[in-house]
Amino acid sequence: MRLLIIFLFISTHLFSIETSERLFECSEIFKARKSELLIELERIDEQKQALEALKNATEDLLKDKQKKVDYEAEVVENKRAEIAAKEANIKAMLEENKAVLAELKKIKMDKVAQTFAKMKAAAAAKILSDMDANDAAKILSSLKPKTVGKILTKMDAKKGSELTLLLAK
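Residue numbers (UniProt numbering): 1 to 169.
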């Protein structure tokens, strides 16, 4: 029985030595793996920092671009408003010029009408017969109906009817 106990003791001891050697080998493997993982972790951390720096640089660049776009949009809007104001000013000036031109035409037509009203009907008929029909009709439309009638009776019948039709429009 002693022998059996000694045998068990020795086999247990040998088994524990073998187990301890395996544990030592496992510890060495874990230490090696741990150092590999630490190196990999450092590499990942460096990449993370580089990525973060790239992200920050990209965000800064986007902010700068957005500021430029906003500034340019503001400049364009200001130019558009300036152009719109100038356009409104030009339209107002154009309307004013049209009114002045119409007033000048009216004054001119009044003077021409006064001139034709003072003329003898035969002389006025001769002058108006030689003019463009539209221009003659404008002049006749500014005269009194009695004067127009006298002038038309002194004209050639064909020219008189043409002018009468234009006056009727």
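Ideal Cβ placement from N, Cα and C applies to all residues, glycine included.
The criterion of a C-beta distance shorter than 8 Å is not satisfied by K146 and A125.
Where D135 is concerned, the enclosing alpha helix (DSSP H) starts and stops at A133 to S141. Between A136 and L143, the gap from beta carbon to beta carbon reaches 8 Å or more.
Within the same chain, Cβ atoms closer than 8 Å to the Cβ of V112 are found at I139 and S142, the five residues on either side in sequence being excluded. The continuous alpha helix (DSSP H) containing D130 extends over residues A121 to D130. For K144, no alpha helix (DSSP H) run applies, since DSSP gives it neither H nor E. Restricted to the region 62 to 107, not a single beta strand (DSSP E) segment is unbroken, complete and at least 3 residues in length. Exclusion of the five residues before and after T164 leaves L152 as the residues of its chain whose Cβ lies within less than 7 Å of its Cβ. Under the 10 Å beta carbon count, F30 is surrounded by fewer than 16 other beta carbons and is classified as exposed.
Secondary structure remark: continuous alpha helix (DSSP H) runs of at least 4 residues inside the region 23 to 48: none found. In terms of CA proximity to K120, K150 leads the group K150, G160 and R33. Between the alpha carbons of N134 and M109 lies a distance of about 14 Å. Annotated three-state conformation of M155 is coil, per DSSP.
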